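In our numbering, the protein residues as written are -14 to 596.
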């Protein structure tokens, strides 16, 4: 789909976005971004400027139409938020068929052309190229090429592969009209119980920094342009050291602690990502406890509310002048069906929504994630609690990104190109190879791996189709030459609050009944166990039972079998230490990378040699 263009008398093609029959400076593609922003900002009503400062969830119609009723998560009909509230930033959830996704994106942009100044929409997404499906964090790949989770990319230890992944993801995003990424996640995986480690690059600040910059460059390029996806790097100044490993989405996980005094480790990836040009930065929900920066005690309020952190540290000390987007729903509780997720107003729960919004702006944020309550900000301006100049400050930053992405020239996409690009065979092949190569061999007694082809295999949690590509599937361990069992890392199921059921939290111990059952299998045939390491499980009891133990971080059954047979050699190295016991985990400082005496250390990974 091509935008409708007008032409000036001297032959300059432009989009007449406000329909006044002439090329205004903000519509002139030849002018510098700063001039275009200044011209547009002066034309906008307060309502239009306020609308820029909200980014909420949007859902697409399965048939490529905009959704004109509330969705499963989205709160309002699309026309209400675009035309009525002047929002032009949306975090898209489920996308299925690429052609329909592209058609929806074009329909959304066409709707935006009906606003007074035709400001194009910026569509963002959480990661959607791996396996974990959690509407609060990420989506499984579906039609997109499928890769390991970021932990698996970290296990490969190769910045070139990370940049290649990000470049492929960029191409697939752009093809369906997604022009902003709510990632990379630069948090350190220092607290083994924390639920969000799969989205990180592991525990080591140097590796996280190196891979984070490569990831950013793959999405954005050396500078933002018409082929870029703008990244929001998160979670400033480093999420992860959550008290007792509980996640800050939830009231019981609001405290972020530094018993080891390692704040500098968690901050380390951010100066290089700023230098590399990240378009956005997102502070975390966490409320710092007993934190001092350069001798100054930091107020114990959530980072999105924290002026010392957002303005003092990020803007003034680190010199960042890009967009700061809050994490989702700091202002209002989220009610979904019969469940609720309280607003993440940690440390300021006593404030009403007006007060929370006022404090977020005072802290230095530009955009409210997961909110569409424009009336609150308009009220604050009317009451004199927020100045229009403060609104202009944020609107200026936000508009600059849209202009640099080329959205004012052409926000539309081609349905045929989307269908041909998303999930392209060579993209899928590269992702599949990365899945297999990231598998990490922890133990390989008797050189059991690589497995020979043609064995009789007993399997649990492995698809029959994957098994029969390499051997014969049998129903009983007693009839097998080898047993292959896949296990998820342990967690304690929870489902009281909205989103809780998707987060893997709590104990990392395997239950004793499972271990006893594995012992019975191992008594009659050699046992190979794969543990899906979305968190660093306590695999100690498996080592005396299984002949071989491997870890994976987002690998299909087929990719795992290719790794176990050496069809694609597994080369992953642990992106974090594996603890010996839950006692060791509980005694460990939440902010400290690694243990003095881990079961397996960061970087461990055996190499296989075929006979």
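For glycine and all other residues, C-beta sits at the position ideal for the given N, C-alpha and C. These numbers come from a predicted model, not from an experiment.
Where residue i falls, given that 16 or more other Cβ within 10 Å makes a residue buried
i: residue 596; result: Residue placement at residue 596 is poorly supported in this model, since its pLDDT is 45, which falls under 50; the coordinates still yield a value, given next. Exposed: under 16 other Cβ atoms inside 10 Å.
i: residue 356; result: buried
i: residue 398; result: buried
i: residue 473; result: exposed
i: residue 508; result: exposed
i: residue 365; result: buried
i: residue 76; result: buried
i: residue 71; result: buried
i: residue -8; result: exposed
i: residue 291; result: buried
i: residue 592; result: exposed
i: residue 321; result: exposed
Residue i, DSSP secondary structure in three states
i: residue 596; result: Per-residue confidence for residue 596 stands at a pLDDT of 45, beneath the threshold of 50, marking its modelled position as unreliable; no derived number is given.
i: residue 94; result: helix
i: residue 328; result: coil
i: residue 602; result: Not covered by the structure: residue 602. The range shown for the chain is -14 to 596.
i: residue 255; result: helix
i: residue 438; result: coil
i: residue 305; result: coil
i: residue 277; result: strand
i: residue -13; result: coil
i: residue 412; result: helix
i: residue 482; result: coil
i: residue 219; result: strand
i: residue 461; result: coil
i: residue 74; result: strand
i: residue 54; result: coil
i: residue 227; result: strand
i: residue -2; result: strand
i: residue 174; result: coil
i: residue 64; result: helix
Alpha helix (DSSP H) segment containing residue i, residue limits
i: residue 193; result: 190 to 205
i: residue 509; result: Run containing residue 509: none; DSSP gives neither H nor E here.
i: residue 443; result: Element bounds for residue 443: not the alpha helix (DSSP H) but the beta strand (DSSP E), 441 to 445.
i: residue 387; result: 373 to 389
i: residue 452; result: 449 to 453
i: residue 39; result: Taken as a continuous stretch (DSSP letters only), residue 39 belongs to no alpha helix (DSSP H), being part of the beta strand (DSSP E) at 39 to 43.
i: residue 600; result: In the structure as shown, the chain begins at -14 and stops at 596. Residue 600 is therefore absent and cannot be evaluated.
i: residue 359; result: 359 to 367
i: residue 533; result: Run containing residue 533: none in the alpha helix (DSSP H); it sits in the beta strand (DSSP E), 533 to 537.
i: residue 525; result: 525 to 528
i: residue 147; result: 144 to 160
i: residue 338; result: 338 to 348
i: residue 25; result: 18 to 28
N-terminal and C-terminal residue of the beta strand (DSSP E) that residue i is part of
i: residue 266; result: 265 to 268
i: residue 272; result: 272 to 274
i: residue 167; result: Looking at the DSSP string, residue 167 is not in any beta strand (DSSP E), and its letter there is neither H nor E.
i: residue 597; result: With the chain running from -14 to 596 in the structure shown, residue 597 is simply not present.
i: residue 240; result: 240 to 242
i: residue 138; result: No beta strand (DSSP E) contains residue 138, which is instead part of the alpha helix (DSSP H) from 135 to 141.
Beta-carbon gap between residue i and residue j smaller than 7 angstroms
i: residue 309; j: residue 351; result: yes
i: residue 421; j: residue 515; result: no
i: residue 533; j: residue 513; result: yes
i: residue 176; j: residue 224; result: no
i: residue 137; j: residue 171; result: no
i: residue 416; j: residue 61; result: no
i: residue 287; j: residue 332; result: yes
i: residue 405; j: residue 84; result: no
i: residue 232; j: residue 412; result: no
i: residue 609; j: residue 436; result: Since the displayed the chain opens at -14 and closes at 596, residue 609 lies outside it and no answer follows.
i: residue 311; j: residue 254; result: no
i: residue 393; j: residue 18; result: no
i: residue 86; j: residue 80; result: yes
i: residue -1; j: residue -14; result: no
i: residue 201; j: residue 258; result: yes
i: residue 424; j: residue 537; result: yes
i: residue 561; j: residue 188; result: yes
i: residue 549; j: residue 530; result: no
i: residue 542; j: residue 419; result: no
i: residue 461; j: residue 525; result: no
Nearest-angstrom Cβ-Cβ length linking residue i and residue j, presumed shorter than 8 angstroms
i: residue 294; j: residue 283; result: 7 angstroms
i: residue 140; j: residue 558; result: 6 angstroms
i: residue 447; j: residue 471; result: 6 angstroms
i: residue 132; j: residue 115; result: 6 angstroms
i: residue 386; j: residue 167; result: Residue 386 to residue 167, Cβ: 13 angstroms. No contact.
i: residue 26; j: residue 527; result: Not confirmed; about 60 angstroms, so no contact.
Short CB-CB distance (under 7 angstroms) between residue i and chain D
i: residue 562; result: This model lacks chain D altogether; it includes just one protein chain.
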